[in-house]
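Quick note, the sequences are listed as chains A and B, same order. Residues in the first sequence are numbered consecutively from 1, following our numbering. Residues in the second sequence are numbered consecutively from 101, following our numbering.
There are 2 protein chains.
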Amino acid sequence: MGRVVVEVMPKPEILDPQGKAVAAALPRLGFHGFTGVRQGKRFELEVDGAVTPEVLEQVRQAAATLLSNPVIEDVVSVVEAGAQEAQA
Amino acid sequence: MGRVVVEVMPKPEILDPQGKAVAAALPRLGFHGFTGVRQGKRFELEVDGAVTPEVLEQVRQAAATLLSNPVIEDVVSVVEAGAQEAQA
Numbered sequence: 001m002g003r004v005v006v007e008v009m010p011k012p013e014i015l016d017p018q019g020k021a022v023a024a025a026l027p028r029l030g031f032h033g034f035t036g037v038r039q040g041k042r043f044e045l046e047v048d049g050a051v052t053p054e055v056l057e058q059v060r061q062a063a064a065t066l067l068s069n070p071v072i073e074d075v076v077s078v079v080e081a082g083a084q085e086a087q088a
Numbered sequence: 101m102g103r104v105v106v107e108v109m110p111k112p113e114i115l116d117p118q119g120k121a122v123a124a125a126l127p128r129l130g131f132h133g134f135t136g137v138r139q140g141k142r143f144e145l146e147v148d149g150a151v152t153p154e155v156l157e158q159v160r161q162a163a164a165t166l167l168s169n170p171v172i173e174d175v176v177s178v179v180e181a182g183a184q185e186a187q188a
């Protein structure tokens with residue numbers, strides 16, 4: 001049973017109200033020195049079997065079509081859980 | 101300007117309706133071989149300066165109190181962007 005992690009973030013030019021809310025709350029709670037926060041999504045997909053290059057390619061397609069909205073979001077990474085970071 | 105990435109996932113025993121919805125949609129879109137999906141959150145915090153151990157400790161505290169709900173979520177990792185994975 002493998003696992004693939006997909007990370008999706010709002011595009012830099014897109015307003016991110018959730019991130020803005022977090023950024024505004026940080027100093028109120030005593031956390032200073034942060035100039036901005038962006039909030040995105042993290043998915044863990046359980047694979048029925050090993051994580052082969054074909055499975056990763058399937059996940060990349062799913063990430064681009066189902067897990068992210070390409071108009072407003074970027075797929076930041078698609079990697080096997082526990083593997084080194086690799087670009088999507 | 102450093103950046104710290106915080107990853108938060110629903111605890112394994114917590115129902116995750118968003119993940120369930122994604123898992124149900126995958127085969128409808130032609131993606132087969134996946135047995136489950138969990139959906140969590142990914143934050144990028146921009147730091148005014150370098151990411152020192154003190155900054156990471158601040159982010160860990162913020163992750164445990166503001167960025168996650170410890171009743172239903174786990175902080176999976178708190179790492180400097182681009183750094184090797186390290187456990188929270």
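Where a beta carbon is used, it is the ideal one built from N, C-alpha and C, also for glycine. If you're wondering where the values come from, they're calculated on a predicted model, not measured in any experiment.
Interface residues of chain D facing residue i [CB-CB closer than 7 Å]
{"i": "ALA124 (chain B)", "result": "In summary, chain D is missing from the structure at hand, where the protein chains are A and B."}
Beta-carbon contacts of residue i that lie in its chain and below 7 Å, excluding the five residues immediately before and after
{"i": "GLU173 (chain B)", "result": "VAL108, MET109, PRO110 and LYS111"}
{"i": "VAL151 (chain B)", "result": "GLY102, VAL104 and GLU180"}
{"i": "ALA64 (chain A)", "result": "PRO70 and VAL75"}
Beta-carbon contacts of residue i that lie in its chain and below 8 Å, excluding the five residues immediately before and after
{"i": "GLY49 (chain A)", "result": "MET1, GLY2 and VAL55"}
{"i": "GLY40 (chain A)", "result": "GLU7, VAL8, MET9, PRO10, GLU73 and VAL76"}
Residue i, DSSP secondary structure in three states
{"i": "GLU52 (chain A)", "result": "For the sequence presented, residue 52 (chain A) should be read as Thr rather than Glu. Correct three-state label for THR52 (chain A): coil."}
{"i": "LEU145 (chain B)", "result": "strand"}
{"i": "VAL171 (chain B)", "result": "coil"}
{"i": "GLU13 (chain A)", "result": "coil"}
{"i": "GLY19 (chain A)", "result": "helix"}
{"i": "ARG60 (chain A)", "result": "helix"}
In DSSP terms, what residue i is bridged to
{"i": "ARG38 (chain A)", "result": "B:GLU144"}
{"i": "GLY2 (chain A)", "result": "A:VAL47"}
{"i": "VAL176 (chain B)", "result": "According to DSSP, which records beta bridges pairwise, VAL176 (chain B) is partnered with nothing at all."}
Close Cβ partners of residue i (< 6 Å) along its chain, the five nearest in sequence each way excluded
{"i": "VAL37 (chain A)", "result": "GLY19, VAL22 and ALA23"}
{"i": "PHE43 (chain A)", "result": "VAL6 and LEU67"}
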